[in-house]
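Engineer: Once you've had a glance at the structure underneath, I'll fire off some questions.
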Amino acid sequence: MVSAAGLCCKPLSDVLAVDYGGPSLATNVIPSHFSGDREAAVVLDVACGSGLVAKQMEEEGFKQILGVDGSEAMLQMSRKTGLYKELKRCLLGEEPMPVHWGLFDVVVIVGALSVGHVPVNVVRELFNFHATKNGGYIYMTTRDSFDNAEFKYALETELKQMEEEDLWTCVEVTEKEWIKVMPEQDYNYTTGIVYLYKKI
Ligand SMILES: C[S@@+](CC[C@H](N)C(=O)[O-])C[C@H]1O[C@@H](n2cnc3c(N)ncnc32)[C@H](O)[C@@H]1O
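Residue numbering for the sequence shown follows our numbering, starting at 35 and increasing by one per position.
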């Protein structure tokens, strides 16, 4: 049985074996909505892990990518990719976000909004203080699994609340195959939910 937690620090062969869909889903969804200049757009990769999301975003033409993660070990891996303009360590929910980063065209949180990882209140923190330009996109994912049900409910309640406050509009919410439960079984995937919002 494979869980998404800690997957990003596994060797690439393990990630391929379980067909972890998070980073490629982000890069399927974001470019289909983002109509600006990709080379100039500044992207914040939150809980960037080993850099899988940056790799996909870079292939889609996004070149200005900054990353933040709570783990120095993960930051060392992402640093080695050479894809990030800047990387900072921050345990989100416990420590204040690194300030004075300016505003981002796209903020991405893949594979980290779930129980025991990045808490729900970080979404509003990113939105309000540090991250997103007016008209910018915020892309998030969570797992649709029994152990994450309470977290998913709290996250969706917050996303809806922020919509009711006219802070953003919902562009897309989609259910996707997320990760193979058993690498040897092609059909047996857990489900992930991807959310794309646009700041008003
Ligand atoms: C499953 S990995 C996902 C990494 C990357 N986004 C991807 O999709 O490949 C989860 C990442 O979240 C980071 N993380 C978990 N909780 C965090 C927190 N509270 N603050 C910052 N980073 C956190 C971990 O260090 C890890 O790198």
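Idealized CB from N, CA, C, for every residue including glycine. A quick note: this is a predicted structure, and the numbers were derived from the prediction, not measured.
With DSSP run on the structure shown, which of helix, strand or coil describes residue 126?
Structural biologist: Indexing the sequence shown from 1 puts residue 126 at position 92. Strand.
Engineer: For residue 35, count the other beta carbons within 10 Å of its own beta carbon; 16 or more makes it buried, fewer makes it exposed. Which is it?
Structural biologist: Sequence index remark: in the sequence shown, residue 35 carries index 1 (1-based). Note that residue 35 scores 35 on pLDDT, short of 50, meaning its location in the model is unreliable and no value can be drawn from it.
Engineer: On the three-state DSSP scale, how would you describe residue 227?
Structural biologist: Counting from 1 along the sequence shown, the entry for residue 227 is found at position 193. Looking at residue 227 - three-state DSSP - the assignment turns out to be strand.
Engineer: Just how far apart, CA to CA, sit residue 148 and residue 71?
Structural biologist: Translated into positions along the sequence shown, residue 148 becomes position 114. Translated into positions along the sequence shown, residue 71 becomes position 37. For residue 148 and residue 71, the distance between alpha carbons rounds to 31 Å.
Engineer: Shortest alpha-carbon distance to residue 145 belongs to which of 170, 103, 123 and 165?
Structural biologist: The count along the sequence shown starts at 1 and reaches residue 145 at position 111. Out of 170, 103, 123 and 165, 103 has the C-alpha closest to the C-alpha of residue 145.
Engineer: What is the DSSP secondary structure of residue 211, reduced to helix, strand or coil?
Structural biologist: Reading the sequence shown from its first residue, position 177 is the one you call residue 211. DSSP places residue 211 in strand when its eight states are reduced to three.
Engineer: On the CB-based measure, 16 or more other CB atoms within 10 Å of its CB, does residue 180 come out buried or exposed?
Structural biologist: Counting from one through the sequence shown, the residue named residue 180 turns up at place 146. Exposed.
Engineer: Could you give the DSSP three-state label for residue 181: helix, strand or coil?
Structural biologist: The residue labelled residue 181 in the question sits at position 147 within the sequence shown. It is helical.
Engineer: Please classify residue 224 as buried or exposed, where buried requires at least 16 other C-beta atoms within 10 Å of its C-beta.
Structural biologist: Walking along the sequence shown from the start, residue 224 turns up at place 190. By the neighbour-count rule (16 or more Cβ atoms within 10 Å), residue 224 is buried.
Engineer: Evaluate residue 61 with the Cβ neighbour count: other Cβ atoms within 10 Å of its Cβ, from every protein chain shown; 16 or more gives buried, anything less gives exposed.
Structural biologist: Within the sequence shown, residue 61 is the residue found at index 27, counting from 1. Buried, by the Cβ-count rule.
Engineer: How would you label residue 165, buried or exposed, when you count the other beta carbons within 10 angstroms and need 16 or more for buried?
Structural biologist: Residue numbering aside, residue 165 sits at position 131 when the sequence shown is read from its first letter. When all chains shown are included, residue 165 counts as buried.
Engineer: How would you write the range of the beta strand (DSSP E) that residue 80 sits in, first residue to last?
Structural biologist: On the sequence shown, position 46 is the one that residue 80 refers to. Note, residue 80: beta strand (DSSP E), 76-80.
Engineer: Taking just the CA atoms, how far does residue 142 sit from residue 169?
Structural biologist: Reading the sequence shown from its first residue, position 135 is the one you call residue 169. Reading the sequence shown from its first residue, position 108 is the one you call residue 142. Cα to Cα, residue 169 sits roughly 15 Å from residue 142.
Engineer: When DSSP builds the beta bridges, which residues end up paired with residue 101?
Structural biologist: Against the sequence shown, residue 101 aligns to sequence position 67. Answer is 79 and 121.
Engineer: Quick one: give me the first and last residue of the beta strand (DSSP E) that residue 140 is part of.
Structural biologist: For the purposes of this step, residue 140 is taken as the residue at position 106 of the sequence shown. Element bounds for residue 140: 138-143.
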